[in-house]
Amino acid sequence: MTKSTSNRQLEVQGLRGISILFVVFYHAHQLFAGGFIGVDVFFVISGYVITKSLLDEFDATGRISGRNFISRRIKRLLPASAVTTLFILICSIFIFSPFGQQNQIARTSLSSTFFSANLYFIFQNSYAALSNNPFRHMWSLGVEEQFYVVWPIFLLFLARYGKRAIFYGISLTTAASLLLSVYQTQTSPIWAFYSLPTRAWELGVGALLLFIPESVWRNRFIPWIGVIGIGIATLNFNENTAFPGINAVLPVVATALLIGSISSWPRLFNDLSNNRLAQWLGAISYPLYLWHWPALVLPSSALGRPLRVRERLFCILLTVVLAHLTSKFIEQPIRHKKIPGKKVYLFFVGTTVTSLIAGLLISATASSMISVKGTDYKFNLTKVMEKPAVYGDGCHVNYGETKSGYCTYGVKTSKKTIVLYGDSHAAQWFPALEKLALEKGYKLVSLTKSACPSVDVPREDQGAFKNVHCEKWRENSIARIKSIHPAAVIISSFQYFTPPNGYPNRADWWNAGQRRLLADLKGSSSHLIYISDTPRPLRDIPNCLASRDTHSCDSSEKTPVKIISGFEKIDPTLWMCSTFCPAIQNGYVVYRDASHISVAAAIALKPQLEKALADKGLFS
5 MTKSTSNRQL EVQGLRGISI LFVVFYHAHQ LFAGGFIGVD VFFVISGYVI TKSLLDEFDA
65 TGRISGRNFI SRRIKRLLPA SAVTTLFILI CSIFIFSPFG QQNQIARTSL SSTFFSANLY
125 FIFQNSYAAL SNNPFRHMWS LGVEEQFYVV WPIFLLFLAR YGKRAIFYGI SLTTAASLLL
185 SVYQTQTSPI WAFYSLPTRA WELGVGALLL FIPESVWRNR FIPWIGVIGI GIATLNFNEN
245 TAFPGINAVL PVVATALLIG SISSWPRLFN DLSNNRLAQW LGAISYPLYL WHWPALVLPS
305 SALGRPLRVR ERLFCILLTV VLAHLTSKFI EQPIRHKKIP GKKVYLFFVG TTVTSLIAGL
365 LISATASSMI SVKGTDYKFN LTKVMEKPAV YGDGCHVNYG ETKSGYCTYG VKTSKKTIVL
425 YGDSHAAQWF PALEKLALEK GYKLVSLTKS ACPSVDVPRE DQGAFKNVHC EKWRENSIAR
485 IKSIHPAAVI ISSFQYFTPP NGYPNRADWW NAGQRRLLAD LKGSSSHLIY ISDTPRPLRD
545 IPNCLASRDT HSCDSSEKTP VKIISGFEKI DPTLWMCSTF CPAIQNGYVV YRDASHISVA
605 AAIALKPQLE KALADKGLFS
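In C-alpha cells:
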C-alpha cells in the first residue's frame, strides 16, 4: 500500500533532521568526517519539495505564481536568517578586530543579506580565508535562494509545452550541471563548490523523482542501498575528498533512492524518521543550520584557540537551544500566520535594509590599519597579506596545471639565468630573488606550483590536488631546467606534508624524494641550492596580531626535515628565529598567513639570502 502524502512529508522531515546532525557534528569535528554531505542531502530534498509544490500548483490552476512562491519563501527563510545575521554582526563588534576581520565579516553579511554569500566566497578564492568567518555556512542558502528565483521561471517556460517538456528540460539541465561540476571540481574547485551552476544538478535530481513511477520503487532493497550509500559517504569522505564533482554522485543518488522508495521503507527506517526526536530536529533544521556555525566559530575566535571537545559539545547543545527558540518564537509564528503579500514584502525590505545598514556601518568604521596591542606598531593588513607578483601574472600555477607559465624576470636579456623551482614555499622567496637578479645582472625564471613539492615524493590525492598533475608538472619543469642549463637552480618546498599510507617513516619518505630529485637534476646546473623550509607559525599571524599582542603570536614550529648531501643547503631559520620566532621583526610582519612569509619579510631577508648565495659561489 502506498503511503499518503502526509506520511511521505513526515519521512522527508525526519530525513532532514538526521542530515542536519551530520553537518553539525562535522563542523564540530566530531564523529562524521564526511558530514558535509548533509548539505547535499538538503539540496536533493529542496529540489524534490519545491518542484512538487510548483507542479502541484500548475496541475491545480494551470499556472505558477512566482509572486506567491517568493512570498512563501520570504516568510519561511528571512525572519530566522535576519535574526541570526544581526546577532553575528553584534558579536563581531566585541570579538573580532575592529579592522580587517570586522570588515570582511561585514562584507560577508552584506552578501548574505542579498542571498549571494556563495558568490562572495567564490571571489575570495580561498578556503583558508573563510575558516573563522561566522557567515561561511551561508553559501548554501545563497545557492538555494538563487535556485528559488530561477526555478519557477524555468518551469513556467517549460510548462507551455507540457509535462514531457518539463521532464526533458530538467533532465538536460541536470546532466549539464553535473558535467560542469565534474569539470570545475578539477579545474576551479572553489567555483565548483560554491556556485549554483555546479550545484543545480543536485536539486535537479530531487526534481526528477517526481517523474519516476511509483512501481519503480517497490524493490525492498532500494532503501537499504540509499542508506548504505549515505553511510559510506559520511564515514569515508573527508576534507581532502574532491567535491562536489563525481564524488557527490554517491550521496545525491543515495538520497534520491531514499526519498523515492519511502513507500517501501522497512519498519526500522520509519521508526528512525518518524520518532519525535527526528521530527523535532527536522522541524528546527533550518534555524539549527543557521546557528550551528557561528555558535562554534564565535567562541573559538573569542578565546583565540580551537575549542576543546567538551566546549564543542556545549556549543552544539547551545545551538539546539537557540534553534528551538528561533523556531518557536520567530520562524513558526510568522510562517503560519496569514499575512498579506504587501506586508510580507515590506517586512522583507525592512529586515534587508536593517541588515544592510548594520553591515555598512561596521564596514565603514573598519580599517585595514592594525594597531598591535601593547606596542606602538601599526601595519596595513591588506598590504601584509599581499602575495608575490608571480601569483598575479599567472606564472605561479594552480592545482590542475601541469606546466608553469613562461615568464622571465630580472635582466631578461642576460645569458646568466637563475631558476626558482618548487611550490608556494619556493614562490615566497620570489620578491627577494627578483631584486637580486636585477642587481646582479641575472635572468630569473620562476617554476612554481601550489601544493606540489619540488621533491619527488608521492602524495595522496586531496581535494583538487591530484598527484598525477604534480608528477607531470615536475617532469615538465625538470625538462625545462635542463634545456635552460641555468647558473643556479634554487629549490624550496613546504616540508610538513603528510606521507601517504605505506610510508611509516616520514623522514625516509622525504629524503628518498630528495635523492630522486637530485638524480633528475644532475648535470643541469653547477649550483643546486636548496633553501630549507621556513618555520611554520602556529597561528594566522596577521589576524592574530589584529586581535592580540605580539607575544601571543610569537613561536613557530621549526622545520623537522634535513636536506641530503648533494644539494647546497641554505637554512633561513637562523635569520628568523632565536629561542623563538617573532611575529614582528625589524619593523615588518614576518608571515602573510599561517604558512608563508610576507613579501616584506622576503625583501628584508634579501641581504642574508644574497650573502648565503654568494658564499656558494653564485655571484662570483
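In our numbering, the protein residues as written are 5 to 624. Even glycine gets a Cβ: it sits at the ideal position worked out from N, Cα and C.
Counting only residues of its own chain and dropping the five nearest sequence neighbours on each side, W143 has a CB closer than 7 Å to the CB of A121, N122, F125 and Y198. When beta bridges are read from the DSSP output, S57 appears opposite no residue. Remark: C-beta atoms of S529 and A492 approach each other more closely than 7 Å. The alpha-carbon of S289 is positioned some 38 Å away from that of N471.
Listed as beta-bridge partners of L448 by DSSP are Y413 and I422. Of the residues L81, P138 and L59, the one whose Cα lies closest to the Cα of G166 is L59. In this structure, DSSP gives E561 an extended state, which the three-state scheme calls strand. For T502, the number of other beta carbons within 10 angstroms of its own is below 16, and it is reported as exposed. In this structure the segment 218–229 does not touch the segment 186–194; the number of beta carbon pairs closer than 8 Å is below three. Annotation for I320: the continuous alpha helix (DSSP H) segment containing it runs V313 to T330. Residue pairing by DSSP places R540 opposite E561 in a beta bridge. Listed in chain order, the non-local C-beta contacts of I485 below 8 Å within the same chain comprise V423, Y425, L451, V493, L525, S528 and S529, local neighbours out to five positions each way being set aside.
Under the 10 Å beta carbon count, E443 is surrounded by fewer than 16 other beta carbons and is classified as exposed. For S428, the enclosing alpha helix (DSSP H) begins and ends at S428 to A431.
DSSP places I78 in the uninterrupted alpha helix (DSSP H) bounded by G70 to I99. Note: K620 is not bridge-paired with any residue in the DSSP secondary-structure output.
Secondary structure note for K382: its beta strand (DSSP E) is the uninterrupted segment K382 to N384.
I41 counts as buried, since at least 16 other C-beta atoms from the protein chains shown sit within 10 angstroms of its C-beta. If you check the CB distance, A431 and V394 come in under 7 Å.
Note: Y595 is bridge-paired with I601 in the DSSP secondary-structure output.
When the alpha-carbon of K341 is set against those of I78, A441 and V603, the nearest one is in I78. Between V231 and L262, the beta carbon gap of about 7 Å places them in contact (Cβ cut-off 8 Å).
The DSSP-derived three-state label of L214 is helix.
In this structure D44 touches A252 by the C-beta definition: roughly 6 Å separates them, less than 8 Å. Measuring C-alpha to C-alpha distances from Q128 to each of T112, F118, P138 and T117 identifies T112 as the nearest.
Spatial neighbours of I535 in its own chain (CB-CB distance under 6 Å, excluding positions within 5 residues in sequence) are listed in chain order as S496 and I574. Each of R339, Q108, S599 and S487 was checked against the Cα of I545, and the nearest Cα belongs to S599.
When secondary structure is reduced to three states using DSSP, I588 falls in the strand class.
Given a length threshold of 4 residues, the segment 22–58 has no whole run of the alpha helix (DSSP H) inside it. Annotation for V493: the continuous beta strand (DSSP E) segment containing it runs A492 to S496. With respect to the C-alpha of P217, the residue from A169, S192, T538 and S267 having the closest C-alpha is S267.
In the DSSP assignment, the residues bridged to Q466 are F469. Check the Cα spacing between L609 and each of K453, L549 and W433: the tightest is with W433.
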